[in-house]
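Read top to bottom, the protein sequences are chains B and Z.
Sequential numbering of the first sequence, starting at 1, is according to the numbering used here.
Sequential numbering of the second sequence, starting at 467, is according to the numbering used here.
Reading through the structure tokens given below for one structure.
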Amino acid sequence: MPHAIAMPKPGQFTEECTILRWHKREGDPVAKGDILFEIETDKANMEVESFYEGTLLKIVAKEGATVPVQATVAYIGQPGEPIPEVAPPPAVAPRPAAAAAAPATPSAASTPSPAPSRPAPSTVAVPAAPAPTAPIAPPPAAVPAAAATVATPTELKISPRAQRRAREAAIDPSRVPGTGPGGRITERDVEAYLEAKGYSSLRITPAAKELARREGVDILTVRGTGENGRIRVEDVQRAIAERPQTMSRMRQVIAQRLTHSYTTTPHFFVTVPVDMTELLAFRQQLKNQGAPYTVTDFIAEAVVQALVECPDMNSRTDGRQVWRSTRVHLGIAVALESGLVVPVVRNADELSFLELHERAAALVETARAGKLTPDDMTGGTFTISNMGMLDVEQFTAIINPGEGAILAVASTRPMPWVRAGRIEVRQIMRITLSADHRLVDGATAARFANAIRARLEDPTAWRSWV
Amino acid sequence: MGTDSFDVVVIGAGPGGYPAAIRAAQFGANTAIVEREAWGGTCLNWGCIPTKAMIAAAGLARAAGHASAMGLTTEGLSVDYAGLLAHKNRTVARLAAGVRSLLKSNGVEQIEGEASFVTRERLAVSGAEGTRWLHARRVIVATGSTSTMPAFLPRHPRVVDSRAFLDLPHRPERLIVLGGGYIGCELACLAAMLGSEVTVVELLDDILLLLDADVRAEVRRSMEHELGIRVLCGHPAEAVETGDSAVRVRVGDAAFEGDCLLVAVGRRPMTEGLCPERAGLRPDERGYLRADAWNRTRVPGIYAIGDVNGGPQLAHAATSQGLIAAADAVGRRPRPNETLVPGVIFTQPEVALVGLTEAEAGRQNMRVKVGRFPFSALGRALAGGETAGFVKWIAEADSGRLVGAAAVGPHATDLISEAALAIRAELTVEEVGRTIHPHPTHGEIWMEAAHVLEGHPVHVPPPRRRA
Numbered sequence: 001m002p003h004a005i006a007m008p009k010p011g012q013f014t015e016e017c018t019i020l021r022w023h024k025r026e027g028d029p030v031a032k033g034d035i036l037f038e039i040e041t042d043k044a045n046m047e048v049e050s051f052y053e054g055t056l057l058k059i060v061a062k063e064g065a066t067v068p069v070q071a072t073v074a075y076i077g078q079p080g081e082p083i084p085e086v087a088p089p090p091a092v093a094p095r096p097a098a099a100a101a102a103p104a105t106p107s108a109a110s111t112p113s114p115a116p117s118r119p120a121p122s123t124v125a126v127p128a129a130p131a132p133t134a135p136i137a138p139p140p141a142a143v144p145a146a147a148a149t150v151a152t153p154t155e156l157k158i159s160p161r162a163q164r165r166a167r168e169a170a171i172d173p174s175r176v177p178g179t180g181p182g183g184r185i186t187e188r189d190v191e192a193y194l195e196a197k198g199y200s201s202l203r204i205t206p207a208a209k210e211l212a213r214r215e216g217v218d219i220l221t222v223r224g225t226g227e228n229g230r231i232r233v234e235d236v237q238r239a240i241a242e243r244p245q246t247m248s249r250m251r252q253v254i255a256q257r258l259t260h261s262y263t264t265t266p267h268f269f270v271t272v273p274v275d276m277t278e279l280l281a282f283r284q285q286l287k288n289q290g291a292p293y294t295v296t297d298f299i300a301e302a303v304v305q306a307l308v309e310c311p312d313m314n315s316r317t318d319g320r321q322v323w324r325s326t327r328v329h330l331g332i333a334v335a336l337e338s339g340l341v342v343p344v345v346r347n348a349d350e351l352s353f354l355e356l357h358e359r360a361a362a363l364v365e366t367a368r369a370g371k372l373t374p375d376d377m378t379g380g381t382f383t384i385s386n387m388g389m390l391d392v393e394q395f396t397a398i399i400n401p402g403e404g405a406i407l408a409v410a411s412t413r414p415m416p417w418v419r420a421g422r423i424e425v426r427q428i429m430r431i432t433l434s435a436d437h438r439l440v441d442g443a444t445a446a447r448f449a450n451a452i453r454a455r456l457e458d459p460t461a462w463r464s465w466v
Numbered sequence: 467m468g469t470d471s472f473d474v475v476v477i478g479a480g481p482g483g484y485p486a487a488i489r490a491a492q493f494g495a496n497t498a499i500v501e502r503e504a505w506g507g508t509c510l511n512w513g514c515i516p517t518k519a520m521i522a523a524a525g526l527a528r529a530a531g532h533a534s535a536m537g538l539t540t541e542g543l544s545v546d547y548a549g550l551l552a553h554k555n556r557t558v559a560r561l562a563a564g565v566r567s568l569l570k571s572n573g574v575e576q577i578e579g580e581a582s583f584v585t586r587e588r589l590a591v592s593g594a595e596g597t598r599w600l601h602a603r604r605v606i607v608a609t610g611s612t613s614t615m616p617a618f619l620p621r622h623p624r625v626v627d628s629r630a631f632l633d634l635p636h637r638p639e640r641l642i643v644l645g646g647g648y649i650g651c652e653l654a655c656l657a658a659m660l661g662s663e664v665t666v667v668e669l670l671d672d673i674l675l676l677l678d679a680d681v682r683a684e685v686r687r688s689m690e691h692e693l694g695i696r697v698l699c700g701h702p703a704e705a706v707e708t709g710d711s712a713v714r715v716r717v718g719d720a721a722f723e724g725d726c727l728l729v730a731v732g733r734r735p736m737t738e739g740l741c742p743e744r745a746g747l748r749p750d751e752r753g754y755l756r757a758d759a760w761n762r763t764r765v766p767g768i769y770a771i772g773d774v775n776g777g778p779q780l781a782h783a784a785t786s787q788g789l790i791a792a793a794d795a796v797g798r799r800p801r802p803n804e805t806l807v808p809g810v811i812f813t814q815p816e817v818a819l820v821g822l823t824e825a826e827a828g829r830q831n832m833r834v835k836v837g838r839f840p841f842s843a844l845g846r847a848l849a850g851g852e853t854a855g856f857v858k859w860i861a862e863a864d865s866g867r868l869v870g871a872a873a874v875g876p877h878a879t880d881l882i883s884e885a886a887l888a889i890r891a892e893l894t895v896e897e898v899g900r901t902i903h904p905h906p907t908h909g910e911i912w913m914e915a916a917h918v919l920e921g922h923p924v925h926v927p928p929p930r931r932r933a
């Protein structure tokens, strides 16, 4: 009896995954530990190894298919073994991004925060959202699946001759009104459509038409720029380059969560300048001594302490209830090629400065390697987004859903600064807190931001950390 | 003299300038053209046309001498070099007169003299009868280029550029050609066909480097083995000494002597006397007057076409640009310059190319398929006794779109036009393969090569099936 290979459940809140690539083909021998396929969840890409030895008898879920976790995606067994009759796993219905971006708004009274299991980003931060103490809400809506994941193309009722004619003409048959039984498109319908669209007066070079056919470009949508509007290869190439591209699953999730956060959470912003001159000097001195601490570590520690001091900022709300977290789970935004991820340092308030540094460094490294698991990115209570290396004066971040605030850290630069009545050149870094106004008022946010600033400007504070 | 006012003034009556002037006049512009030396420019007087007049005669002499396989023997065939030059000069004179008469019949005012900018819209033309002042709403600069003479070469009557070479009264018995580009190779073949002992010295690794290696190899084989030309590549000419009776050149370890050293190492733009800076034009570091896809310089109302603008240094490119500049100058909003420029080389055998080479396609990371067909399998070529060479199509692998073509062999320079038309019209290889070509002609070879590319050749063995 062949072994059924199931889609793994890579994260506590992961409901479905997309198969990016099969590393084995049907008929290939498989050893234990061989990589079978690669999956993409809403947070990360992972490789899936085989627990079995044998031959890959059948692939049920093809590349690009999005299937629920635990669904059978393939069979491994001995050659010739009968494979149970199976329907392909229920592909998750593709859904236009717009629909997905409007997640079922939680009924205010009973649902905690929306989308607790999905990462969301701010301008800089994709976070894993957390519902640390609340029951886990179901995902707001089925996750938008990339168009490429369409398991079966929408059935178009069209005759084979009509299909061939449409292909020959390089047009999109789904736009042709069908007059056959049940609206079926006949060859005559295609001809009538072509005539109505003035197809015969179109001038198209043979290579342009061939390219449009192969790439599925509707030639009627292409504007020709050759002599008298002749459609040339260049025009079709432009149409290909400009046609809508399905965003990566990661970007779609980012889009969905950001939109949700920004449109449902009343953000307000507080910026304070921090004089980093002395801390930078201290850190340089530590560095020369071989200590591993980064500037970000000091900021993180200052934030953690400020959060402990100011628990209102370590909370979240849906407007009716407030969830206070008794622990600080600190999200740190990391920019990757594919988008931003926010690994979470759990129980940051319990860690020593050195431990905080080590945990953060390890998570950032894992993130850069693309090896974060969904659970690494879930459950944060507050996020730091540091664009210090990107040479920005100041910026604001969007709060990760499920959190109450986020801190945007801008670049440190030398500036003329008034200090004890004198103008001096000091290293100034602006930090901007984005806070949920339902949760806190301006005064709290200002106190909190200044609490962070005070620690970063206080040598006795950070000297005690290291 | 007073100031004459024109809508368009063209400077230079070469293959770029005179068509521009004719077209501007045809569009109703009051047009003048200024020429300081010879109507028809380099192409007509010292380039394309005179070389072809001489190559035609030389090729005929060579063919006649090699026709014994066809049952023809020639006895006492001799070349009267003076007669050959006379044929060349008659051809040039007739065409130059033609240019003047075309300009006249289109109502273009012809002004002899050297034009200089005074301001953006004013020109001074100094000629035999003094200076004439012109006011021009639009100026099309078409002053062309001239041969580069590297400074290390002695100034001596035995050291000539291509222009002086064509007017040598006697055929040099021993010719040394510096430069293995198309001009050097054409003239090397010309001299060799007329019986000279020829050496070509090229600094780079091969001659005619703009061609794909397979095409180059075919030309080089013929030049070395059929015409007996010595080709030295990869070394610079080190010492050049001139004497009363000979010129001596040392290349690496070898040293040899010739009666004449032909220098064909490149051409530079001609702007001496033009004073472009007075119009606000700034030549680039190599002296070119750069222009955009409509040949507009950065100074409004001034155009630069042909060799002087740093584009392809080919007469037909200049002509095409001239027509576009003229249309733009009279406000017709033409489409931009054509980008598909065929190249032809009148070596023995002839070579031509258009579009991408295989090497260039590779540089662009384009996946291509190539279909090659030899003249030796073409009935008409066999019948004519000229079987060396081949043509090839280069098509985008997936779509079959034709992106390049090359021909080396009999009539290659005429044959390339079909390829240019097919590529510009964005035909696919299938369409060329299906187009009925008349039999028996040289032109059939494009259809045959298309069949090869598609994998279904009729007149050569089918491609070997991969196991």
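For every residue, glycine included, the Cβ atom is placed at its ideal position computed from N, Cα and C.
A quick note: this is a predicted structure, and the numbers were derived from the prediction, not measured.
Does DSSP put residue i in a helix, in a strand, or in coil?
i	result
valine 898(Z)	helix
glutamine 267(B)	It is worth fixing the name first, because residue 267(B) is histidine in this sequence and not glutamine. Looking at histidine 267(B) - three-state DSSP - the assignment turns out to be strand.
glutamate 15(B)	coil
tyrosine 547(Z)	helix
glycine 828(Z)	helix
asparagine 803(Z)	coil
leucine 340(B)	strand
tyrosine 75(B)	strand
methionine 736(Z)	coil
valine 765(Z)	coil
tryptophan 417(B)	strand
Can you tell me the Cβ-Cβ gap for residue i and residue j, rounded? I've got them flagged as a contact below 8 Å.
i	j	result
glycine 402(B)	arginine 327(B)	About 14 Å separates the two Cβ atoms, so there is no contact after all.
tryptophan 512(Z)	arginine 566(Z)	At roughly 17 Å, the Cβ-Cβ gap does not stay under 8 Å, so tryptophan 512(Z) and arginine 566(Z) are not in contact.
alanine 703(Z)	glycine 650(Z)	About 12 Å separates the two Cβ atoms, so there is no contact after all.
isoleucine 19(B)	alanine 71(B)	Actually they are not in contact, since the Cβ atoms of isoleucine 19(B) and alanine 71(B) sit about 11 Å apart, beyond 8 Å.
Within the continuous alpha helix (DSSP H) that includes residue i, where are the two ends?
i	result
tyrosine 484(Z)	483-492
alanine 523(Z)	514-531
methionine 913(Z)	910-920
serine 628(Z)	628-632
glycine 777(Z)	Counting along the chain, glycine 777(Z) falls outside any alpha helix (DSSP H), and DSSP gives it neither H nor E.
threonine 879(Z)	878-890
Look up residue i in the DSSP assignment and give the residues it is bridged to.
i	result
serine 201(B)	According to DSSP, serine 201(B) bridges with nothing at all.
lysine 835(Z)	Ala861(Z)
glutamate 723(Z)	Arg714(Z)
isoleucine 332(B)	Ile384(B)
threonine 66(B)	Thr18(B)
alanine 6(B)	Thr72(B)
Determine the extent of the beta strand (DSSP E) in which residue i is found, giving its start and end residues.
i	result
aspartate 436(B)	422-436
tryptophan 859(Z)	856-862
cysteine 726(Z)	726-729
leucine 698(Z)	696-699
phenylalanine 411(Z)	With chain Z running from 467 to 933 in the structure shown, residue 411(Z) is simply not present.
alanine 602(Z)	596-607
Assign residue i to one of two classes, buried (16 or more other C-beta atoms within 10 Å of its C-beta) or exposed (fewer than that).
i	result
glycine 182(B)	exposed
asparagine 45(B)	buried
methionine 377(B)	buried
arginine 748(Z)	exposed
leucine 390(B)	exposed
arginine 598(Z)	buried
methionine 250(B)	buried
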